[in-house]
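Residue numbers (full-length UniProt numbering), protein chains in the order written: chain A, 1 to 307; chain H, 1 to 500.
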Ligand SMILES: Nc1ncnc2c1ncn2[C@@H]1O[C@H](COP(=O)(O)OP(=O)(O)O)[C@@H](O)[C@H]1O
Ligand SMILES: [Mg+2]
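As structure tokens, this is what we get:
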């Protein structure tokens, strides 16, 4: 018998949103990076560094907001390595991204040891208890955390910024053709560095959102491949920030779902159940790749990676 | 604005693209910059536009020496340039492309603001029918050129540099452009018109500057030079080749039968095209670009899926209804020079040797002999005068005209029974054009059919045996070239059917 209370819709929605938030932020950042024609496979490493730095900062300052900020800045620092290597030195983007990934994993495994098992308080509930009494919406709203809301606000903001501002137009054009951008009088390298760094900011923030707001602890490799999945989901979202939310919910939702299955006591190995989000993502990635080849939509500059 | 280029030199590796060039551009004049492919015209103007840095020399504007290190600086000084290879972003809309280059583009790009009408004003004047929300990818070449022009006009530049603008325009569009150029000059601005067409010079130039092999060889009043003099100056000691000759075809044998074919794709459609060619016949296809020429060529070459009909060459079906034909013989039987060779005819990341053997790849030994391939490539390169003449260079390093020569060299090198040529002379100077024509017509002399798509009516009238006019995907008339005239063809081009 399954425990049906584990599948309360409002609950499931909130927990989906909560587990989607880190990956949503990472997708938004990587979308911006890829829009300027650079692919950054180091998102995972940047998330880990952001998670650890954010956790450590929250622990020592006692303020989760400082933790989020420190985590984001740590992500910027990590991504500056990628920016320097592949924009400055024109190194291969794949190799450079993997270097950032491995470096992030190594650094956090080592410096994270003393933080394993520690606990932080994280955010207080945003809205006071009397919201809980409001029917239906009440439980939903009262469980939203600051990072979930930041993610939900950031999504349209990034979209509008990319499609409705001159800066966004310049970024998109650099991602399409460095030559044309240069002939128009734009400095493409400058724009690309910005694109990589803002990607670093988002992924560092995403990591911190995980450790500071979602799990509230530090575990080695706690991001568990979310950064790599995010790179794939950028393609599913067709490099469109507005589609980042459904793409992230795909992963977060299936994660929340498998956790519920587990609590409900389904007789399947928890290890197998834990693969659900990844399998779902992989399937959607395959389908969307098939569609993408028909429609296009990838920034032209990304093809330069394979030179 | 009065501009002086003093002692400009520029080297690309071994190549001296510009050598000690001194050129003056006066306010309110149209200066035609003439020269063969590779003479260094584009390079000189790109230096003025800040896209390249000269190795030596200086630029003086209104008496003061200026340092132009980026196009941004040039634009700020009032210099705008339309490049020969387009500088539009295919994935963005027309409006976005214009907005990107617009100097006073607002940060917040709302859809409903007066700035949009300002940005689109020049485009509307040039081409009323281009939809600004359309992606540039979906525009015809001629339309893209107009968007480029609108982009530069938006800069409100005092000097407008146009790099071979009429190479891709229809006669009507060219005329509109000439009028526009004159209008700019009359309003006190200067225009540099890079070209190798003398009709451009006649139509609107005040002065001509002629370049050869990186040097400026002559600057003169446009009316003071005859075409022959200009040709001699452009070519130097080279002999100007005589016009190639064509033999009349063997009548009443049918070699190529295009049997009422219809096809459509995202950009164009052709409807019920019926053509029959005799051995050795040169059939010209006239028409305004974007009326289905590309699709017709693809269909005949067996590269497009037909909705109806079939194409029969030497009794063999090369293209048929419904499915992509699998025809291993296509490459040896059909020579195909596609439009826009950079996109459709070469692998730009591969070297010239590989590009010249693309059509033979399937039949090659498992381990191709590099030396043999390279020697063959070198022979073709020399024969078609491709610059740079190094077979190990990459195709993407070639200029437009040289790419055209490269593709022609490959497609015209075998013994094809059918040659399909789309604008084979696009971007080529007189000498190279004649050389390509000669190669093409040689196959006709051998008995091959030539399907020749062109916008150059004079050339079609001179060399083709018959001229078919394509309009809105349909053949609106077929005329023997001997009795055809520009008026009739022009009328058919507008879609009016020929009345018997
Ligand atoms: N970016 C480049 N790299 C190397 N060689 C170049 C480059 N641009 C032009 N060249 C060479 O410089 C010469 C002059 O080219 P260009 O100015 O484009 O001639 P034109 O515009 O008169 O046809 C040619 O030999 C060409 O191959
Ligand atoms: Mg040129």
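Ideal placement from N, C-alpha and C gives every residue a C-beta, glycine not left out.
Would residue i count as contacting chain H if we go by Cβ distances under 8 Å?
i	result
residue 169 of chain A	yes
residue 176 of chain A	yes
residue 300 of chain A	yes
residue 238 of chain A	no
residue 16 of chain A	no
residue 184 of chain A	yes
residue 35 of chain A	no
residue 142 of chain A	no
residue 2 of chain A	Any reading at residue 2 of chain A must be qualified, since the residue scores a pLDDT of 48, below 50, and its modelled position is unreliable; the value itself is stated next. With 8 Å as the cut-off, residue 2 of chain A does not count as an interface residue toward chain H.
Quick check: does the Cβ of residue i come within less than 7 Å of any heavy atom belonging to ligand 2?
i	result
residue 298 of chain H	no
residue 164 of chain H	yes
residue 84 of chain H	yes
Can you tell me whether DSSP reads residue i as helix, strand or coil?
i	result
residue 108 of chain A	helix
residue 389 of chain H	coil
residue 216 of chain H	strand
residue 426 of chain H	coil
residue 191 of chain A	helix
residue 86 of chain H	coil
residue 82 of chain A	helix
residue 384 of chain H	coil
residue 125 of chain H	helix
residue 454 of chain H	coil
residue 467 of chain H	strand
residue 18 of chain A	helix
residue 151 of chain H	helix
residue 276 of chain H	strand
residue 51 of chain H	coil
residue 1 of chain A	Bear in mind that a pLDDT of 44 at residue 1 of chain A, under 50, signals an unreliable position, so the model cannot answer this.
Using only the alpha-carbon positions, how far apart do residue i and residue j sit?
i	j	result
residue 235 of chain H	residue 36 of chain H	7 Å
residue 131 of chain H	residue 211 of chain A	50 Å
residue 190 of chain H	residue 116 of chain H	26 Å
residue 58 of chain H	residue 41 of chain H	17 Å
residue 215 of chain A	residue 222 of chain A	9 Å
residue 228 of chain H	residue 430 of chain H	12 Å
residue 265 of chain A	residue 258 of chain A	11 Å
residue 32 of chain A	residue 100 of chain H	18 Å
residue 21 of chain A	residue 65 of chain A	16 Å
residue 320 of chain H	residue 305 of chain H	7 Å
residue 94 of chain H	residue 80 of chain H	18 Å
residue 346 of chain H	residue 333 of chain H	19 Å
residue 16 of chain A	residue 177 of chain A	38 Å
residue 407 of chain H	residue 208 of chain A	56 Å
residue 219 of chain H	residue 201 of chain H	13 Å
residue 71 of chain A	residue 103 of chain A	16 Å
residue 125 of chain H	residue 217 of chain H	37 Å
residue 87 of chain H	residue 183 of chain A	7 Å
Is residue i near ligand 1, going by C-beta to nearest heavy atom under 7 Å?
i	result
residue 397 of chain H	yes
residue 37 of chain H	yes
residue 215 of chain H	no
residue 195 of chain H	no
residue 40 of chain H	yes
residue 353 of chain H	no
residue 387 of chain H	yes
residue 212 of chain A	no
Against chain A, with Cβ distances strictly below 8 Å, would residue i count as a contact?
i	result
residue 293 of chain H	no
residue 96 of chain H	yes
residue 100 of chain H	yes
residue 308 of chain H	no
residue 165 of chain H	no
residue 107 of chain H	yes
residue 123 of chain H	no
Is the beta carbon of residue i within less than 7 Å of some heavy atom of ligand 4?
i	result
residue 155 of chain A	By its list of ligands, the structure shown excludes ligand 4, since it contains just ligand 1 and ligand 2.
>> Would you call the segment 48-55 of chain A in contact with the segment 79-87 of chain A, where contact means no fewer than 3 C-beta pairs closer than 8 Å?
In response: Contact between the segment 48-55 of chain A and the segment 79-87 of chain A is absent, because fewer than three Cβ pairs lie under 8 Å.
>> Counting beta carbon pairs with one atom in the segment 138-149 of chain H and one in the segment 166-179 of chain H, are three or more of them shorter than 8 Å?
In response: A contact exists between the segment 166-179 of chain H and the segment 138-149 of chain H.
>> Assess contact between the segment 236-248 of chain A and the segment 178-198 of chain A, defined as three or more Cβ pairs (one per stretch) separated by less than 8 Å. Is contact present?
In response: Contact between the segment 236-248 of chain A and the segment 178-198 of chain A is absent, because fewer than three Cβ pairs lie under 8 Å.
> Are three or more beta carbon pairs between the segment 381-398 of chain H and the segment 264-274 of chain H nearer than 8 Å?
Replying inline: The segment 381-398 of chain H makes no contact with the segment 264-274 of chain H: fewer than 3 CB pairs, one atom from each, lie closer than 8 Å.
> Three or more C-beta pairs closer than 8 Å, one from the segment 246-263 of chain A and one from the segment 271-281 of chain A: is that the case here?
Replying inline: At 8 Å Cβ cutoff, the stretches touch.
> Contact between the segment 440-447 of chain H and the segment 243-257 of chain H: three or more CB pairs below 8 Å?
Replying inline: yes
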